[in-house]
Every structure is written in C-alpha cells, then in structure tokens.
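At position 94 of the sequence shown (counting the first as 1) the number is 94 in full-length UniProt numbering, and the numbers step up by one without a gap. By construction, the Cβ of each residue, glycine as well, lies at the ideal position given by its N, Cα and C atoms.
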Amino acid sequence: MTQRDDSVGIIQQELTAFARRARATAARMHPELSLVSYTLLAHLEDQKGCRATDLAAHYLLDKSTVSRQISALEKLGFVERRVDPDDHRVQVLHPTELGAQVLASAGAQRRQAFTDRLADWDDADLERFASYLLRYNEAQQRLG
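What follows is the structure, given as structure tokens:
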C-alpha cells in the first residue's frame, strides 16, 4: 500500500465517522428534525421553495424517501404546500414560520458546535480546511 492509499483510507474512515456524528448531533439538537429533514428544510428555505421532485433530483434521493421526509415535516408544522402561481397543477414546498424558526435555531446550534470544535485552530488552518472541503464537494458534484 502507498502513502496515498493510506491517506485515502483515513479520509474515508474519518468522513464516515463525521457523518455518523452529524446524524447524532442533529438528533440531539432537535429530536424531531433528522439530518435529512434539516437538509431538506434548509434547501427549501435557501431556494425560497421548490417541488419535491426538485429535492429528490438535487440530493439524488428516491422520490418516496423525499415524500416520507416532507410528510413528517408537514405533520410537525415545518413545511407547507402552496400552489405554483405559474402552474396551478404544481405544488411548491415552503418552510412555515415555525419551520424557519426551528431551522434558524438548529443552524445556530450547529454553527456554535463547529465554532467550539475548531476553537483552537488558527485562521490559516481554518482557511485551508474550508478550501479543501469546497474542493472535495465540487469534485463530488462533478463526478457524481
């Protein structure tokens, strides 16, 4: 095995651990708002609403998965459906006022958790790490 193989193995292992911790942290911050639900709700807010099919396509999720998540968010009062003014056959999903409040609160808690974890990193390390994450995610989007 090469040093590159070792490094790729460590990255894979650490990103898996990161994803597990992220799911657990999301559950602690708001027990009813899973990481997937948080992500979908944040997307709806960022996009000022969108269709469920757009969510499925963007996140490469099965439509039934998105449907279950959106149904759960609707039952919690975090998401509402509105008729698209341009096409009355289409329903657009939007965060409710409560959904936006919960999202803002969870987002603030998440930012604080990252701030706490990275408190002893100097600015140059943070900038490098941020640029590496951007580069990684751009490559993932390009390659699928």
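Going by Cα to Cα distance, which pick from the options is closest to residue i?
i, options, result
"alanine 26", "Leu103, Leu15, Arg68", "Leu103"
"glycine 99", "Ile70, Leu143, His58, Tyr136", "Ile70"
"serine 64", "Ala52, Glu74, Leu73, His58", "Ala52"
"valine 41", "Pro31, Ala57, His94", "Here residue 41 is leucine; the residue named in the question, valine, does not match the sequence. Out of Pro31, Ala57, His94, His94 has the C-alpha closest to the C-alpha of leucine 41."
"glutamine 141", "Arg81, Ala106, Tyr59", "Tyr59"
"glutamine 109", "Arg135, Asp46, Met29", "Met29"
"glutamate 45", "Ala113, Asp120, Gln101", "Gln101"
"lysine 33", "Ala106, Glu138, Leu118", "With the sequence shown as reference, residue 33 is identified as leucine, and lysine is not the correct amino acid for it. Out of Ala106, Glu138, Leu118, Ala106 has the C-alpha closest to the C-alpha of leucine 33."
"valine 83", "Asp120, Ser131, Cys50, Ser7", "Cys50"
"phenylalanine 78", "Ser7, Leu126, Thr39, Ala57", "Thr39"
"residue 147", "Leu73, Ala139, Met1, Leu143", "Residue 147 lies beyond the residue range present for the chain, which begins at 1 and ends at 144; the question has no answer from this structure."
"glutamine 91", "Ala124, Asp54, Glu127, Asp122", "Asp54"
"proline 31", "Arg81, Leu76, Leu118", "Leu76"
"threonine 96", "Lys48, Arg117, Leu118, Gly9", "Lys48"
Which of helix, strand or coil does DSSP assign to residue i?
i, result
"leucine 143", "helix"
"histidine 43", "helix"
"threonine 2", "coil"
"histidine 30", "coil"
"aspartate 62", "coil"
"alanine 106", "helix"
"alanine 119", "coil"
"leucine 35", "helix"
"leucine 76", "coil"
Using the DSSP secondary-structure output, state which residues sit across from residue i in a beta bridge.
i, result
"leucine 93", "Cys50, Arg81"
"aspartate 87", "Asp84"
Please find out if some non-hydrogen atom of the ligand GDP comes closer than 8 Å to the beta-carbon of residue i.
i, result
"leucine 143", "This structure lacks the ligand GDP, and indeed carries no ligand of any kind."
Query raised in the report: With contact counted as at least three CB pairs below 8 Å, one residue from each stretch, are the stretch 72 to 89 and the stretch 17 to 31 in contact?
Result: Note that the stretch 72 to 89 does not touch the stretch 17 to 31; fewer than 3 beta-carbon pairs, one per stretch, sit closer than 8 Å.
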